[in-house]
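In our numbering, the protein residues as written are 279 to 483.
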């Protein structure tokens, strides 16, 4: 897949493979920040594979202006230690993966960062994981909101937990719990990093 126009995406928390694959197929990537924040999307959730199967990791958020809050205004909840809980879940899921020991220090440091706005935290985490994989992608944010923008590939609503990618969208790779659950598709880019390391980029092109 090749995307010739600038690619417009929603923000996402350690997004799934098909989201990152779309980024790699584009020359320019723009992240929407002026939309009214929608619920139940990858904006504040990612999915990993555990001993019990698929597990969503959800960032609790606060909307300062209620349902009129834009994505750039969304705050992560400081009343719960969700970063520690997410890290513990990741460590339990991937401690026996081929690359956890190589990357655990960098990932833990990334989770320790105190970043109040969701969109900035997402950008921070995705940039950290892409760097560990040796992937360079330049991202910028929107200047204003357009419902039907011209001259961009608008995939802001294309990636959702409710519409996982086809099972054959990507080549299968070995996952920690493959023998127990088979291959679980549609997981976070983190799953590919833990199991394939820098070679994971081969599965995204």
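We treat Cβ as the ideally placed atom computed from N, Cα and C, and that holds for glycine. Keep in mind it's a predicted model, so treat the numbers as computed, not measured.
Query	Result
Alpha helix (DSSP H) segment containing residue 474, residue limits	467-474
Inter-residue spacing [alpha-carbon to alpha-carbon] between residue 344 and residue 409	35 Å
Test item: CB-CB of residue 451 and residue 477 under 7 Å	no
Nearest-angstrom beta carbon gap, residue 292 and residue 466 [assumed within contact, 8 Å]	4 Å
Nearest-angstrom beta carbon gap, residue 303 and residue 326 [assumed within contact, 8 Å]	That belief does not hold up - the Cβ atoms of residue 326 and residue 303 are roughly 24 Å apart, past 8 Å.
Status (buried if at least 16 other CB within 10 Å, exposed otherwise) for residue 320	buried
Given 8 Å, three or more beta-carbon pairs between the stretch 380-391 and the stretch 413-425	no
Enclosing alpha helix (DSSP H) for residue 351 [first to last residue]	No alpha helix (DSSP H) contains residue 351, which DSSP labels as neither H nor E.
Nonlocal neighbours in the same chain, by C-beta distance under 6 Å from residue 310, ignoring five residues either side	288, 420 and 434
With 16 other Cβ atoms within 10 Å as the buried cut-off, status of residue 394	exposed
Simplified DSSP state of residue 497, which is helix, strand or coil	Here the chain covers residues 279 to 483 and nothing more, so residue 497 does not appear.
Contained beta strand (DSSP E) runs [length at least 3] in the stretch 317-401, N- to C-terminal order	323-328 and 331-336
Bridge-paired residues (DSSP) for residue 431	285
Whole-Å CB distance - residue 443 paired with residue 296, under 8 Å assumed	4 Å
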